[in-house]
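Residue 115 in this note's numbering sits at position 115 of the sequence shown, with consecutive numbering throughout.
Don't be surprised by glycine CBs; every beta carbon is placed ideally from N, CA and C.
Only a predicted model underlies this, so the values are computations on that prediction, with no experimental measurement involved.
Down below is the structure, laid out as structure tokens.
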Amino acid sequence: MEAIINNLAGARIDSSLIKKLTARVSRKKMIVGVSFVKKSAIRKLNRVFRKKDKPTDVLSFNMNEGKYLGDVIICPEVAKANAKRYGSTLKAEMARLAVHGMLHLLGMDHGRKMFNIQDKIMEGIGYA
1 MEAIINNLAG ARIDSSLIKK LTARVSRKKM IVGVSFVKKS AIRKLNRVFR
51 KKDKPTDVLS FNMNEGKYLG DVIICPEVAK ANAKRYGSTL KAEMARLAVH
101 GMLHLLGMDH GRKMFNIQDK IMEGIGYA
């Protein structure tokens, strides 16, 4: 898979790491958009599409239009709070959220199988 990265949040993003993760998530010849947005933007998306009026860390929107699989939307502000809560780094947390969102785009739902795959990918790049 190949990633198109959009940094709309003005956050520090390791684009090469996101692209590396994308290739590890799937070898399919697909394209995925990974966008980083501000808390207000993800809150609005969460309210409109999930009827939850609060910011969230990651959202996935499956498109399945030709080679374009869909979009993963990540909020670095929420990711930073997650990282602090879980004792992780912001870089590792944003990587985990990117993988998580991409697995949803590939049709996976929360469960042991999805989280095992997510953990294996993260371990493969040095994040346990």
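First and last residue of the uninterrupted beta strand (DSSP E) at Tyr-68
68-74
Given that a residue counts as buried once 16 or more other Cβ atoms are within 10 Å of its Cβ, and exposed if not, what is Val-48?
exposed
So, is Phe-36 buried or exposed, given that buried needs 16 or more other C-beta atoms within 10 angstroms?
buried
Under 6 Å Cβ to Cβ from Asp-53, same chain only, skipping five residues before and after it: list those, please.
Arg-47
Give the straight-line distance between the Cα atoms of Lys-91 and Asp-14, rounded to the nearest whole angstrom.
8 Å
Comparing alpha-carbon positions, which option in Asn-6, Met-108, Ile-18 and Ser-60 lies nearest Met-122?
Ile-18
Specify the secondary structure class of Val-37 as computed by DSSP and reduced to three states.
coil
Taking the continuous beta strand (DSSP E) assigned at Ser-60, which residues delimit it?
58-65
I'd like the span of the beta strand (DSSP E) that includes Ala-95, first residue to last.
From DSSP, Ala-95 is part of no beta strand (DSSP E) but of the alpha helix (DSSP H) over 90-105.
Under the three-state reduction of DSSP, which class applies to Ile-125: helix, strand or coil?
coil
Note down, in chain order, each residue of its chain lying with its Cβ closer than 7 Å to the Cβ of Lys-28, except the 5 sequence neighbours on either side.
Met-1
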